[in-house]
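Encoded as structure tokens, the structure appears first; notes follow it.
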Amino acid sequence: MANYSPQHFEPRAKAVNVKGVANRAVATVLTAGLIAQPLMSPLAAIAAPSTDNGDSVQGGSSVENTVAAGNQAVVKTAAQLAEESAKQLKDAQAAYDAAQKNADAAGQSQKQAQQQKNQASQAVSDNEIEQNAAEVAALQEKIDELKAAVEKTEQQQKKLGDLNDQLDQANKSVEDKTQALKDAKAKQDEAKKALDDAQAKLEAMGMDEYEAAKKAVEDAQAKLDDVNKAVATAQANLDQAKAAEASAQQEKNDTEAALTSAQAKKQETAAALAAATTARDNAQQKLNQAQAALDAATSGAGIDLNALEAAKATAASELATAQAALDAATTADATAQANLQAAQNTATAAQEKANAANAAVASAQFAYDAANEEYNAAASERDAAKAAYEKAQQTEADKKAAYDKLVEVRKQKRSEWEAACAASNAAEKAYDAANAQVEALEQQIADLKSNMTVDQEVINKGMLGFMAYISNSSDFTAQQKSNASTAASMLMGTTEKQDWYDSYVDQDMSRDTNPLSLEQMRNALTYLDTQNNLRKANGQSELSVSLRMTAAAALNTSYSSNIWGHSNCYFDQGENLAGGGGAYTGGETEDTLGWPYTGLYTQEKEAFDKYVAQYGDELGSHRYDSYYIYQHYNSIYHECGHYLNIIDAGAKAIGIATGSGKNTDSEVTVFDYSGSTGQKDFTVSEFKKLVNDYIDSAYNAGGTQAQKAQLKELQGKLAEAQKNFGTTREAYFAAVNGQDAAQDAFTAADVNMNTAKGEYEKAKSGTAAAKTAYDAAEAKLKGIDVKTPQTKLEAAKSKAATAQAALDKANATLADSKAKAAEATAHKAKARSARDAAKAKSDQANEAYDNATTSVKDLTAKRDAAKTDLANKQGTLDDAKKADDTAQAGVDKAQAADVHAATALSDAKQAVAAKTQALSDAQEKAKAAEGELATANKAFERFAGAQKAVDDAKAAYDAAVAGVADAQKQLEAANEAVVDANLEIVKAKAELANDEALKADLEAVDHKASLAAGTTGNEKLVKLNAAYARYKAAVDAAADLKAALSDADARLSDANDAYAAALAELGDAKDALAAAQAEYDKYHPKAEPQAKPQVAQAATKASVTKKKAADGALAQTGDTSALAGEVFVIGGITLVAAGVTLGDRRRKHM
269 MANYSPQHFE
279 PRAKAVNVKG
289 VANRAVATVL
299 TAGLIAQPLM
309 SPLAAIAAPS
319 TDNGDSVQGG
329 SSVENTVAAG
339 NQAVVKTAAQ
349 LAEESAKQLK
359 DAQAAYDAAQ
369 KNADAAGQSQ
379 KQAQQQKNQA
389 SQAVSDNEIE
399 QNAAEVAALQ
409 EKIDELKAAV
419 EKTEQQQKKL
429 GDLNDQLDQA
439 NKSVEDKTQA
449 LKDAKAKQDE
459 AKKALDDAQA
469 KLEAMGMDEY
479 EAAKKAVEDA
489 QAKLDDVNKA
499 VATAQANLDQ
509 AKAAEASAQQ
519 EKNDTEAALT
529 SAQAKKQETA
539 AALAAATTAR
549 DNAQQKLNQA
559 QAALDAATSG
569 AGIDLNALEA
579 AKATAASELA
589 TAQAALDAAT
599 TADATAQANL
609 QAAQNTATAA
619 QEKANAANAA
629 VASAQFAYDA
639 ANEEYNAAAS
649 ERDAAKAAYE
659 KAQQTEADKK
669 AAYDKLVEVR
679 KQKRSEWEAA
689 CAASNAAEKA
699 YDAANAQVEA
709 LEQQIADLKS
719 NMTVDQEVIN
729 KGMLGFMAYI
739 SNSSDFTAQQ
749 KSNASTAASM
759 LMGTTEKQDW
769 YDSYVDQDMS
779 RDTNPLSLEQ
789 MRNALTYLDT
799 QNNLRKANGQ
809 SELSVSLRMT
819 AAAALNTSYS
829 SNIWGHSNCY
839 FDQGENLAGG
849 GGAYTGGETE
859 DTLGWPYTGL
869 YTQEKEAFDK
879 YVAQYGDELG
889 SHRYDSYYIY
899 QHYNSIYHEC
909 GHYLNIIDAG
919 AKAIGIATGS
929 GKNTDSEVTV
939 FDYSGSTGQK
949 DFTVSEFKKL
959 VNDYIDSAYN
969 AGGTQAQKAQ
979 LKELQGKLAE
989 AQKNFGTTRE
999 AYFAAVNGQD
1009 AAQDAFTAAD
1019 VNMNTAKGEY
1029 EKAKSGTAAA
1039 KTAYDAAEAK
1049 LKGIDVKTPQ
1059 TKLEAAKSKA
1069 ATAQAALDKA
1079 NATLADSKAK
1089 AAEATAHKAK
1099 ARSARDAAKA
1109 KSDQANEAYD
1119 NATTSVKDLT
1129 AKRDAAKTDL
1139 ANKQGTLDDA
1149 KKADDTAQAG
1159 VDKAQAADVH
1169 AATALSDAKQ
1179 AVAAKTQALS
1189 DAQEKAKAAE
1199 GELATANKAF
1209 ERFAGAQKAV
1219 DDAKAAYDAA
1229 VAGVADAQKQ
1239 LEAANEAVVD
1249 ANLEIVKAKA
1259 ELANDEALKA
1269 DLEAVDHKAS
1279 LAAGTTGNEK
1289 LVKLNAAYAR
1299 YKAAVDAAAD
1309 LKAALSDADA
1319 RLSDANDAYA
1329 AALAELGDAK
1339 DALAAAQAEY
1349 DKYHPKAEPQ
1359 AKPQVAQAAT
1369 KASVTKKKAA
1379 DGALAQTGDT
1389 SALAGEVFVI
1399 GGITLVAAGV
1409 TLGDRRRKHM
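Note that the sequence shown covers residues 269 to 1418 in our numbering.
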């Protein structure tokens, strides 16, 4: 790629003289085959270079070489000429091909350069549009912000007017509330007097007697309450005993019924057993008789029929008697069963009545229990409400105490705020006075200097001149001179020049705030002693001053004042950057530091010490090795790095600069550190003297001794005044911070008080709500009727007792009827058994008689039947015996349960009797306690009126006290409203001042200057600064874009030149090829080749005349008309120069 240097040019480029080339070609043709002459012939002279137009051909070309070879051919043989012409033709063809290739490549480069130029041109156009848009946007932003500021100022003015009206209303309210408090206090005094009078009357009646009577009433009431509790307990115990008795009675009834049922079952099984036994015995007898009859019949013994007949008659008589007895027993049993049923019905009815009575008792008991439960629940609610009320009262008292305390705190914080305001005002006055003193001294010095001759050249050269002074003086060491020379090169931008150097480094070193000015060099000296004192306090060596680091700090100050942040250039080991500039005015020890050391050192040391406390020696042991901490505790280094750089053991030298770079008013201070001993140029004291002497020599160049002495005195005073200014400035800033802190504390106290006030009011509301709930619970408790359910319960219990008595009588009758019925049933069963036995005997007698008359066969059959019947009857007997045993076991179990139930019933009845007696005793004691209470109340009656008067007076006094408290609160609230209104007015005035200041700042903005600077210079106008910065960025970009366009133009020009040169070379190669072809054709007639297609084609199209190009004309960038093909015919050879005008031209350095 071309390296374009606009300030340097090469000599003129080679230009081909067309006429000379043609002449040389003709000379070659004309002289071929001639014998060489010792001198150049006239034709050869034609071929010499021409200077018709003053141009000359520098160096050789392929065409000229060919011509020279032709000149030599004059003295050679035809064979040699033919051989050489073939070689020349081949060389000319190769040269032509190479020239064509070069021309193609140059044409492509020219096309690319044209495209790049077009793109750069478009970028410049776009940038112009962007600049216009950014300028319009910046102006619109200013208009919008100014309009908003005006509107906000008007709103704040209206708000301030409204607040003043509110203040007037608040002051009027204070007056009203003050009078209301006086009235309330008067009422309180009246109520207090009435209370004292009532109390005196009560005391006049005899307080001892009053207290004794009151105590007697309280004791009697307490005794009655205790007795009533005992009555309630006894009643509850009796109710439980009666319920247990009823349960035991029911259990007894159930066991009796079970016993009766078991006994009846036993009677049935006994009867069945007896019947089965009789049946079995009869069957056995029948078998015996049948066997006997059979035996008799088979033995040959005879049967006494008369005896059998007599036995039959006797059995029939016995059967009749037994039947009569059975009939009588059946009748008696029926009667007994009827009586039992009647008794059962009576007992059932009595049981139903008893059950109903017991149900009524249970219902009444439930109602009574429900009433009691409701009463107890209401009592619990009342107690809970009372406790809540008492708690709410306590909470209210606590909240009031807290509120009262915060009221005092607020008053204290307000006083502190007012004191802080006064202190701030005083500090501001001292600050203004100190500033005025500094300005006055500066003006005196300026006035004095204006009457003294100064070396303006030294001042204009600033730090650069200072460095040159050292590097050129024999008074300094080689190291000092070398470092000063390096520093000067850095300042001039000839060494280590950064891409931002031209934008931010101001070459006007006479500007006071320029970091490279002598004035700022003098200011930078004020930071050095403090830097080393801090290192001494940490046991570290003093830093020397490095000339190179001083220059680095000045350059980096120029950068950082424009672009806040580190440039990361020039310095060796580390760099500290602080906002703000000018002379250092703080103290030189740890406890007297001012800005920026309070930020760079004090605050970060506190942070680092906290980390040491956290990490211990693992961190603390490397306090003076900033690089180690940077590597191993990077986050801590980023937080405490300024402090660590100051005390770093590896630091050897420092350079400090302060001020503002080009295009900005923002000032910064930069500290650049070096760890190289080769940078230790001067001690601090040496450097301070050197700089001061150098500056004094410039300013004191032509003054009188008196003026110089006066200037030195004023400068000393100025230094003291600047220190005083720094002290007052720090004090003023501290006072302002203190005022802000006090205002914040007052605001916080105000918020806390209002919060506490809200909580107090909420607690008061809670107390009122709790009292309402307590009163409601008390009323609810009194409205619950317990006596009516108790009376109903007692009536129900009386009815239940009557029904129980009737039930007991019916159960006794039932038991007697059951016994008689059982007896009758048993007698009936016995009679039935006797009748059945008699019947069986009769049947046996009949059968014996009948059997006696039957045959042996019949007897055998009867005997077998009797055996079978006996076996059946024996099985029935066995079953009946088992059933009878089971029934007996049931009877035994029922009898045991009945005995247990009877015992439990007896115990329950005894318990009822005991509880009834206990209730009766408790009720008697209650009646006695009621009598005692009535007696005590009667004795206390004479004190009741006086006590009521005292109570009423106390209530009135309490109400009056509450009224005073309320009036006091209202007055306090009104006073608070006045304070709040004043505070709001202060805030509104501050806001109005801020708004007016903003409006003034916006109105003061110079639109054109801000566009040029890319900022308003007021850091508070953030959005507007951003708008101007966008415009400035577009403008800055325009320079780069235009430079890029210029570079593109240069590159295009280079490409055009290269293309033209390539085409010229191509033309020369064509000429040489044509000449070589002609020469070759001359000596090779049999193999004469055709002309090159492009040459032949050009020859057929060529014009007989040539358009002469203007001398020195060259196609311009973007101009394609000059690239039209030019055709030349010379001696029968056609030359095409595609887009090239041959002539004089300059070529730029490649």
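Beta carbons are placed, not taken as given, at the ideal position from N, Cα and C, and that holds for glycine.
Note to self: Short of 7 Å in beta carbon distance, which residues of its chain neighbour serine 753, apart from the five on each side in sequence? Order them along the chain.
What the structure shows: For the purposes of this step, residue 753 is identified with residue 485 of the sequence shown, where counting begins at 1. Ser739.
Next item on the list: Could you have a look at glycine 923 and say whether DSSP puts it in helix, strand or coil?
Entry: As a working mapping, residue 923 is identified with position 655 in the sequence shown. In the three-state DSSP reduction, glycine 923 falls in the strand class (E or B).
Checklist line | tyrosine 1299 vs alanine 406 beta-carbon contact at 8 Å | finding: Taking the first residue of the sequence shown as 1, we reach residue 1299 at position 1031. Taking the first residue of the sequence shown as 1, we reach residue 406 at position 138. Against a cut-off of 8 Å, the Cβ pair of alanine 406 and tyrosine 1299 comes out as a contact.
Notebook entry, point to check: If glutamate 1333 and alanine 367 are in contact, beta carbons under 8 Å, what's the gap, nearest whole angstrom?
Noted result: Taking the first residue of the sequence shown as position 1, residue 1333 is located at position 1065. Taking the first residue of the sequence shown as position 1, residue 367 is located at position 99. That pair is a contact at about 5 Å.
Notebook entry, point to check: Taking all protein chains shown into account, do 16 or more other C-beta atoms lie within 10 angstroms of the C-beta of glycine 1199, making it buried, or fewer, making it exposed?
Noted result: Taking the sequence shown and counting its residues from 1, one reaches residue 1199 at position 931. Glycine 1199 counts as exposed, since fewer than 16 other beta carbons sit within 10 angstroms of its beta carbon.
Notebook entry, point to check: CB alanine 670 to CB threonine 825, shorter than 8 Å?
Noted result: As a working note, residue 670 is residue 402 in the sequence shown. As a working note, residue 825 is residue 557 in the sequence shown. No, the pair does not count as a contact, with Cβ atoms beyond the cut-off.
Notebook entry, point to check: Helix, strand or coil for glutamate 856 per DSSP?
Noted result: One-based indexing of the sequence shown puts residue 856 at position 588. Looking at glutamate 856 - three-state DSSP - the assignment turns out to be coil, as it is neither helix nor strand.
Notebook entry, point to check: Looking at isoleucine 915 and arginine 803, is the spacing between their C-beta atoms short of 8 Å?
Noted result: In the sequence shown, residue 803 corresponds to position 535, counting from 1. In the sequence shown, residue 915 corresponds to position 647, counting from 1. For arginine 803 and isoleucine 915, yes; Cβs fall inside 8 Å.
Notebook entry, point to check: Do you know whose CA, among Gly1335, Gln841 and Ala1038, lies nearest alanine 919's CA?
Noted result: Taking the first residue of the sequence shown as 1, we reach residue 919 at position 651. Cα-wise, what sits closest to alanine 919 is Gln841.
Checklist line | Rounded C-alpha distance that separates leucine 311 from lysine 358 | finding: Numbered from its first residue, the sequence shown carries residue 311 at position 43. Numbered from its first residue, the sequence shown carries residue 358 at position 90. Because leucine 311 sits at a pLDDT of 31, beneath the cut-off of 50, its placement in the model cannot be relied upon, and the following sentence gives the value as read from the coordinates. Cα to Cα, the separation comes out at about 26 Å.
Notebook entry, point to check: Which term fits phenylalanine 734, buried or exposed, when burial requires 16 or more other beta carbons within 10 angstroms of its beta carbon?
Noted result: Residue mapping note: residue 734 aligns to position 466 of the sequence shown, counting from 1. Counting Cβ neighbours within 10 Å, phenylalanine 734 comes out buried, since at least 16 surround it.
Next item on the list: Round the Cβ separation of lysine 1086 and threonine 603 to the nearest angstrom and send it over; I've been treating them as touching at under 8 Å.
Entry: Position 818 of the sequence shown, counting from 1, holds the residue named residue 1086. Position 335 of the sequence shown, counting from 1, holds the residue named residue 603. About 14 Å; that fails the 8 Å criterion.
Next item on the list: Give every residue of the same chain whose Cβ lies closer than 6 Å to the Cβ of leucine 1075, excluding the five residues on either side of it in the sequence, and list them in chain order.
Entry: Here residue 1075 refers to the residue found at position 807 when the sequence shown is read from its first residue. Short of 6 Å from the beta carbon of leucine 1075, and not among the five residues preceding or following it, lie these beta carbons of its own chain, in chain order: Ala618, Gln619 and Ala622.
Check: Do alanine 628 and alanine 1078 have their C-beta atoms within less than 8 Å of each other?
Finding: Residue mapping note: residue 628 aligns to position 360 of the sequence shown, counting from 1. Residue mapping note: residue 1078 aligns to position 810 of the sequence shown, counting from 1. For alanine 628 and alanine 1078, no; Cβs fall outside 8 Å.
Checklist line | Sequence ranges, alpha helix (DSSP H) only - wholly within the region 1228-1297, length at least 4 | finding: For the region 1228-1297, whole alpha helix (DSSP H) runs of length 4 or above, ordered along the chain, are 1275-1281.
Next item on the list: Would you list the one or two residues that DSSP bridges to threonine 972?
Entry: If you number the sequence shown from 1, residue 972 lands on position 704. Paired residue(s): none; threonine 972 is not in a bridge.
Next item on the list: Kindly identify the DSSP beta-bridge partner or partners of threonine 937.
Entry: The residue you call residue 937 lines up with position 669 of the sequence shown. Note: threonine 937 sits in a beta bridge opposite Ala846 and Thr926.
Check: Among residues of its own chain, excluding the 5 on either side of tyrosine 657, which ones have a beta-carbon nearer than 6 Å to its beta-carbon?
Finding: Taking the sequence shown and counting its residues from 1, one reaches residue 657 at position 389. Beyond the five residues adjoining it in sequence on each side, tyrosine 657 comes within less than 6 Å, by CB distance, of Ala1038, Lys1039 and Tyr1042 in the same chain, given in chain order.
Margin query: Considering only their Cβ atoms, is the gap separating alanine 539 from alanine 1097 smaller than 8 Å?
Written below: Position 829 of the sequence shown, counting from 1, holds the residue named residue 1097. Position 271 of the sequence shown, counting from 1, holds the residue named residue 539. Less than 8 Å divides the Cβ of alanine 1097 from the Cβ of alanine 539.
Check: Among Gly927, Ala921 and Ser965, which has the Cα closest to the Cα of glutamine 947?
Finding: Here residue 947 refers to the residue found at position 679 of the sequence shown. That would be Ala921, whose Cα lies nearest to the Cα of glutamine 947.
Notebook entry, point to check: What first and last residue would you give for the alpha helix (DSSP H) that runs through histidine 834?
Noted result: To locate residue 834, count along the sequence shown from 1; it is residue 566. Secondary structure note for histidine 834: it is in no alpha helix (DSSP H), with a DSSP letter that is neither H nor E.
Check: For glycine 854, does the count of other Cβ atoms within 10 angstroms reach 16, so buried, or fall short, so exposed?
Finding: Here residue 854 refers to the residue found at position 586 of the sequence shown. Per the 10 Å Cβ criterion, buried.
Check: Taking C-alpha atoms, which residue in Trp768, Met760 and Asp465 lies nearest to aspartate 1420?
Finding: The first residue shown for the chain is 269 and the last is 1418, placing residue 1420 beyond what the model contains.
Next item on the list: Quick one: grab the DSSP three-state call for valine 1054.
Entry: The residue given as residue 1054 occupies position 786 in the sequence shown. Residue state, collapsed to three classes: coil.
Next item on the list: Could you have a look at valine 335 and say whether DSSP puts it in helix, strand or coil?
Entry: As a first step, residue 335 must be located in the sequence shown, where it is residue number 67. Residue confidence for valine 335 is low, a pLDDT of 45 falling below 50, so the modelled location carries little weight; the figure read from the coordinates is stated next. Three-state DSSP puts valine 335 in a helix.
Notebook entry, point to check: Shortest alpha-carbon distance to leucine 1061 belongs to which of Ala490, Gln384 and Ala638?
Noted result: Walking along the sequence shown from the start, residue 1061 turns up at place 793. Looking at the Cα atoms, Ala638 is the closest of the given residues.
Next item on the list: List the DSSP bridge partners of valine 813.
Entry: Mapped onto the sequence shown, residue 813 falls at position 545. Its beta-bridge partners are Ile922 and Phe950.
Checklist line | Where valine 1019 falls, given that 16 or more other Cβ within 10 Å makes a residue buried | finding: For the purposes of this step, residue 1019 is taken as residue 751 along the sequence shown, with counting starting at 1. Answer is exposed; the Cβ neighbour count stays below 16.
Note to self: Going by C-alpha to C-alpha distance, which of Val1273, Asp444, Ala462 and Gly884 sits closest to alanine 1217?
What the structure shows: Taking the first residue of the sequence shown as position 1, residue 1217 is located at position 949. That would be Ala462, whose Cα lies nearest to the Cα of alanine 1217.
Check: With respect to the alpha helix (DSSP H) encompassing tyrosine 901, which residues constitute its N-terminal and C-terminal limits?
Finding: Taking the sequence shown and counting its residues from 1, the one referred to as residue 901 is at position 633. Here tyrosine 901 belongs to no alpha helix (DSSP H), and DSSP marks it neither H nor E.
Next item on the list: Measure the C-alpha to C-alpha separation of valine 1273 and threonine 1284 and round it to an integer number of angstroms.
Entry: As a position in the sequence shown, residue 1273 is number 1005, starting the count at 1. As a position in the sequence shown, residue 1284 is number 1016, starting the count at 1. Taking the CA atoms as reference points, valine 1273 sits about 6 Å from threonine 1284.
Margin query: Using the Cβ count rule (16 or more neighbours within 10 Å means buried), how would you classify serine 903?
Written below: The residue given as residue 903 occupies position 635 in the sequence shown. Taking a 10 Å sphere around the C-beta of serine 903, we find fewer than 16 other C-beta atoms and assign the residue as exposed.
Next item on the list: Just the C-alpha distance for aspartate 715 and serine 389, rounded to the nearest angstrom, thanks.
Entry: Indexing the sequence shown from 1 puts residue 715 at position 447. Indexing the sequence shown from 1 puts residue 389 at position 121. Cα to Cα, the separation comes out at about 54 Å.
Next item on the list: Kindly confirm or deny that the region 1175-1187 and the region 499-514 touch, where touching means at least three C-beta pairs closer than 8 Å.
Entry: Touching, yes, given that three or more Cβ pairs across the two stretches are closer than 8 Å.
Check: So glycine 862 and glutamate 707 are in contact, right, with Cβ under 8 Å, and what is the actual spacing, rounded?
Finding: Against the sequence shown, residue 862 aligns to sequence position 594. Against the sequence shown, residue 707 aligns to sequence position 439. No, glycine 862 and glutamate 707 are not in contact; Cβ-Cβ is about 19 Å, not under 8 Å.
Notebook entry, point to check: Of the choices Ala1233, Val1303 and Ser757, whose alpha-carbon is the least far from that of methionine 731?
Noted result: Sequence index remark: in the sequence shown, residue 731 carries index 463 (1-based). Shortest Cα-Cα distance from methionine 731 to any of Ala1233, Val1303 and Ser757 involves Ser757.
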